[in-house]
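Numbering (the numbering used here), first residue to last: 4 to 161.
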């Protein structure tokens, strides 16, 4: 997909960038520098990258209750009631840093999509999760855009 997006012309590159940003495993850390390397306008790349990533966060927020109901029924059928070791560790981190800490560190550590799922699983309201993840995503998009523009121009200067 990256090769196709790089070879596409005009608006199709931005459309491919949007789809890449919406993919759960890609974040602004990959999409923004890739768009700038392709020679696209940095501000447009930032807006498209943010929009694709934010769309996934909104969809996760809206569809989470359906997932939770499915998971609870599945756990009840298996007879699993208590949290496992991994869930307990994640909950301890959650209680220590909370939603703002998770949102601001998520793009670096686990990605915004997974962090949004974690926050929703731990009981945060969907509006707070979408809001904090949006703020974090906006901050990291600006950081990646500015650092990519100046970083690549510095490399060209050398």
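Glycine residues also receive a C-beta, built at the ideal position from the N, C-alpha and C atoms.
- Taking 9 Å as the cut-off, the Cβ atoms of residue 110 and residue 139 count as close.
- In this structure, DSSP gives residue 128 a state outside helix and strand, which the three-state scheme calls coil.
- If you compare the alpha carbons of 27, 17 and 108 with that of residue 57, the shortest gap goes to 27.
- Counting every other CB atom within 10 Å of its CB across the protein chains shown gives residue 123 a total of 16 or more, marking it as buried.
- Non-local beta-carbon contacts of residue 30 in its own chain, meaning distances under 7 Å to residues more than five positions away in sequence, involve 56, 110, 114 and 115 in chain order.
- CA-CA distance, residue 108 to residue 82, rounds to 34 Å.
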